[in-house]
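Position 48, counted from 1, in the sequence shown is what my numbering calls 85; the numbers after and before it change by one each time, with no gaps.
C-beta: ideal position from N, C-alpha, C; glycine also.
Because the structure is a prediction, the values reported are computed rather than measured.
All remarks here apply to the structure that follows.
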Amino acid sequence: MPEKTYLLNLEPEEEYELIGYVNNVVFPEGAYINNGTLFVYYGAADRYIALAKIGIDELLTELDKHPA
38 MPEKTYLLNL EPEEEYELIG YVNNVVFPEG AYINNGTLFV YYGAADRYIA
88 LAKIGIDELL TELDKHPA
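Below, the structure written as structure tokens:
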């Protein structure tokens, strides 16, 4: 089985992602790139909207480590 890429997984970890209308749920809603950074807006526990970000260079480096 391939190694899991934790850096790229959007998983509920914080309290606001774990406790809400629907517990233990995060889901991407939209994304954009600005100045070399990928920003991903996501819903958390069906109660909040949050923002995750990662540098494009860091993302591509991590993806190269885990070919399909």
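- For Ala68, the number of other beta carbons within 10 angstroms of its own is below 16, and it is reported as exposed.
- Restricting attention to Val77, Val59, Tyr58, the CA atom closest to the CA of Leu88 is found in Val77.
- Close CB contacts of Val59 within its chain, under the 7 angstroms cut and outside five residues either way in sequence, are with Ala82, Asp83 (chain order).
- By the neighbour-count definition (other C-beta atoms within 10 Å, threshold 16), Glu48 is an exposed residue.
- Inter-residue distance for Leu75 and Gly57 is about 26 angstroms (C-alpha atoms, whole angstroms).
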